[in-house]
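Protein chains in written order, with our numbering: chain A, 322 to 406; chain B, 4 to 557.
All residues carry an ideal CB built from backbone N, CA and C; glycine is no exception.
Down below is the structure, laid out as structure tokens.
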Amino acid sequence: MNNYTLIIMTDDKQVVLERILQVTRYRGFLIDGITASVNNTNNIATIELLVSSDRPITLLIDQINKLVDIKSVKVDNNATQLSNA
Amino acid sequence: MTDSKPLTGGGLLFNVVEQHGVNHVFGYPGGAIMPIYDALYDSNVQHFLCRHEQGAAFSAVGYARASGKIGVCMATSGPGATNLITGLADALADSIPLIAITGQVPTAAMGSDAFQETDIFGLSLACTKHSFQVNHVDELEKVLHQAFEIALEGRQGPVLVDIPKDVQMAAVEQNFKSAAPLKNKVKLPLADISKALDLLTNAKQPILYVGGGVGMANAIEEVRAFARETGIPSVSTLKGLGALDATDENYLGMLGMHGTRAANLAVHDCDLLIAVGARFDDRVTGKLDQFAPDAKVIHFDIDTAEINKRREADAPILGDLKENLPLLTMSLNITEWQANIQKMKADCAWRYDHPGDSIFAPAVLKEVSDLMPKNTCVTTDVGQHQMWAAQHMVFDEPSNFLTSGSMGTMGFGLPAAIGAQISRPHDTVITVSGDGSIMMNIQELATIKRYQIPVKVLLIDNAKLGMVRQWQDLFFEGRLSETDLADNPDFCMLARSFDIKAKQITQKSEVTDAINEMLDHDGPYFLQVKIDAKDNVWPLVPPNSANNEMMESA
Ligand SMILES: Cc1ncc(C[n+]2csc(CCOP(=O)(O)OP(=O)(O)O)c2C)c(N)n1
Ligand SMILES: [Mg+2]
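Structural data, given as structure tokens:
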């Protein structure tokens, strides 16, 4: 199992979190933690998602990126290294 | 529409539908969608009342696949909406542009377990490309335009719009006008053309592997030019059938579980695999780590997520096939490989000799294919008859062969044929069905009757769930659990009760006349072809085997 931290920027839509969780589970990643916050001036939400899986993280990044309301998805390398250590 | 009646959310829906060039919708009314059906009464859009919401969804899928337009289906809340789900899942899996409109209970009642309330928005997450719930009429116009754009943009797919009853009834404030186009995320193409050119010029045994993406990208000309000019031997997936020129001497037909022996052996031996709008589906690859084991891969796709999903690409080429394929179109010197391929093709040619008087389905389908008019659209259901149609019929375009590929949904064929016929009223439409599958949406014979839709039903009747029976015989020690359908209804009598002309044949000697009678008949026609229940689909790549380990007989 590898651990990853994803930083996801999205439009602030009620259903976005549900979509991300559904895709994450379906594509074979376990959710180890989640924090989410909204910037009220630009209505962009930032979601930090801690996941683990044997599958390559690019698989999940590509699938989350396909969701319509997603602005960007990045692996937080610092956080990932920490949790691996 | 009369001036005295203000535009409502429901009326706005049909204005937007028309604005996107769609004049036909498929649906079924009910309480929570009544304001939309009331607006339909004044609309120019023609509605087809199907007899089950799944029929409406598959008719919309057939309409879209046969015409390249968007298919639109509508259902009421609760059970109406849930009945659409199989069609949505099918459209998602086969990347079909579809809009599903569902009525919802009024906003004030939502979340209260109201009568016929179901969380279709929540249910849609796993079976649509995107979905919307419209909580205020002011959002409706923008959402509807977005729905059409999302369905068509990039890799196509189904979009659901759930509209509460009060939003359907609410007066639309501003006058109807087109909304600003949606700004899509701009993604840079990940094209590795120079690497691909390098692989291509150094390959000695390349194969072109073509999928459903080619038809959907409107890149049939480009892929044929590529095949012609490079001379690269080619194979097709189930959904790619029709994209390549089937008369090309280097075309080997379908690959995969029920592919031709030549296609599977050639792919197994190739040193370069050029995947075009195809995604290495498990029914194509067989045992994945033994699929084209010595090949480098060039992968053309529109969907980033397909690159490296099941097979690492040495040169991924992301983006529009129409633009990217010409960049690699050049002449190559692979005559030795072509000679091998053509010999393999000749050695593995289909044979239609079959002992006895009982009808041989592959020969029937080949004959229908030879006799049917140009531009005939064929739909299928799922099972042995589907694989025989894919193997033995020839199509000029993917939009002439509609089959449920990824989902393999029994019940697809009849309603898809209805939708196809409505979108192409001047072309012949045939559905090749099975005696199990036809019963899954048999109620759509009533839709055929009501609108006098001249669909031809070719029923391959083995009185079995034949494909499952074949697997039970081959892989489950002949333990025939729940696959016998000897008590099927009298299909001809059933068809006649919907005023559809029907005929049953049982002997080889009757085949040619029956096919001609069916094709010459002006209206709908039902031809029941009784075949031997023991006939199997060959070749077959057994589960967990490599594609070069095909079985040719039991
Ligand atoms: C909705 C659905 N349920 C079950 C299946 C599993 N299945 C695949 S083929 C098949 C048998 C189909 O029988 P029939 O339509 O008579 O076709 P045949 O194989 O006999 O030609 C079944 C049950 C399916 N594909 N779709
Ligand atoms: Mg059958």
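Handout entry: H560/B - containing alpha helix (DSSP H), residue span
Key = Residue coverage of chain B in this structure runs from 4 to 557, which leaves residue 560/B outside it and unanswerable.
Handout entry: Counted within 10 angstroms of its Cβ, other Cβ atoms place Y528/B as buried (16 or more) or exposed
Key = By the 10 Å Cβ count, Y528/B comes out buried.
Handout entry: Residue environment, F118/B, which counts as buried when at least 16 other CB atoms sit within 10 Å
Key = Counting Cβ neighbours within 10 Å, F118/B comes out exposed, since fewer than 16 surround it.
Exercise for the section: Determine the extent of the alpha helix (DSSP H) in which H271/B is found, giving its start and end residues. Expected result: R264 to D272
Problem - Short CB-CB distance (under 8 Å) between N323/A and chain B - result: no
Practice task
Answer yes or no: does any C-beta atom of chain A fall closer than 8 Å to that of I153/B?
Solution key: yes
Practice task
Using 7 Å as the cut-off, classify the Cβ of N378/B as near or not near the heavy atoms of ligand 2, replying yes or no.
Solution key: no
Handout entry: K467/B CB to nearest heavy atom of ligand 1 below 7 Å
Key = yes
Practice task
Tell me, please, whether the CB atom of L327/A is closer than 8 Å to any CB atom in chain B?
Solution key: no
Exercise for the section: Using the Cα positions of A154/B and Q394/B, report the straight-line distance between them to the nearest angstrom. Expected result: 31 Å
Problem - For H50/B, the nearest candidate out of V20/B, N550/B and A35/B (CA to CA) - result: Cα-wise, what sits closest to H50/B is V20/B.
Handout entry: Within chain A, the residues that H133/B reaches when beta carbons sit closer than 7 Å
Key = Going along chain A in sequence order, the residues near H133/B (Cβ under 7 Å) are V389.
Problem - Outcome for E447/B when other beta-carbon atoms lying within 10 angstroms are tallied against a minimum of 16 - result: buried
Problem - Cutoff 6 Å; reference Y325/A; Cβ partners in own chain excluding five residues on either side - result: Within the same chain, Y325/A has close Cβ partners V372, I378, V396 and T401.
Practice task
With 8 Å as the threshold, decide whether the Cβ of N376/A is near any Cβ in chain B.
Solution key: At residue 376/A the sequence reads Arg, which differs from the Asn that was named. Taking Cβ atoms only, chain B never reaches closer than 8 Å to R376/A, which makes this a no.
Practice task
Can you give me the Cβ contacts of S393/A inside the same chain, cut-off strictly under 6 Å, excluding the 5 residues immediately before and after it?
Solution key: M330
Practice task
Determine the chain A residues that contact L2/B at a beta-carbon separation under 8 Å, and present them in chain order.
Solution key: Examination of residue 2/B is not possible in this model, given that chain B is present from 4 through 557 alone.
Exercise for the section: Quick one: grab the DSSP three-state call for Q136/B. Expected result: Reduced to three states, the DSSP call for Q136/B is strand.
Exercise for the section: For the beta strand (DSSP E) containing M257/B, list its first residue and its last residue. Expected result: Y254 to M257
Exercise for the section: Using only the heavy atoms of ligand 2, determine whether one of them is closer than 7 Å to the beta carbon of D438/B. Expected result: yes
Problem - Helix, strand or coil at P82/B according to DSSP, with G and I counted as helix - result: Residue state, collapsed to three classes: helix.
Handout entry: Endpoints, the beta strand (DSSP E) within which Q531/B is located
Key = Y528 to K533
Exercise for the section: Determine, using beta-carbon pairs with one atom in the segment 311 to 326 of chain B and one in the segment 237 to 244 of chain B, whether at least three such pairs fall under 8 Å. Expected result: No contact exists between the segment 311 to 326 of chain B and the segment 237 to 244 of chain B.
Practice task
Starting from C495/B, follow the alpha helix (DSSP H) in both directions and report where the run begins and ends.
Solution key: F494 to R499
Exercise for the section: Kindly indicate which residue of Y454/B, S409/B, K377/B and F501/B has the alpha-carbon position closest to the one of I421/B. Expected result: Y454/B
Problem - M347/B, enclosing alpha helix (DSSP H) - first and last residue - result: T338 to D350
Problem - Nearest-angstrom Cβ-Cβ length linking V287/B and G259/B, presumed shorter than 8 Å - result: 4 Å
Handout entry: Alpha carbon of L331/B to alpha carbon of I223/B, nearest angstrom
Key = Cα to Cα, L331/B sits roughly 15 Å from I223/B.
Exercise for the section: Count the C-beta pairs between the segment 339 to 355 of chain B and the segment 11 to 29 of chain B that are closer than 8 Å, then say yes if the count reaches three, no if not. Expected result: no
Handout entry: Simplified DSSP state of L291/B, which is helix, strand or coil
Key = In the structure shown, L291/B sits in a helix (DSSP, three-state: H, G or I).
Exercise for the section: Output the residue ranges of the beta strand (DSSP E) runs that lie fully inside the segment 225 to 257 of chain B and measure 3 residues or longer, sorted by chain position. Expected result: 237 to 239 and 254 to 257
Problem - Distance between beta carbons of G12/B and Q171/B, contact taken as under 8 Å - result: Confirmed, about 5 Å.
Problem - Secondary structure of K511/B, DSSP reduced to three states - result: helix
Problem - Within chain B, the residues that E333/A reaches when beta carbons sit closer than 8 Å - result: Before going on, a small fix: residue 333/A reads as Asp here, not Glu. Under the 8 Å cutoff, chain B gives no residues; its nearest Cβ is about 15 Å from D333/A.
Handout entry: Beta-bridge partners of D487/B, as assigned by DSSP
Key = Note: D487/B sits in a beta bridge opposite K467/B.
Practice task
Report the neighbours of K312/B on chain A: residues whose CB is nearer than 7 Å to its CB, in chain order.
Solution key: By Cβ distance, chain A contributes L380.
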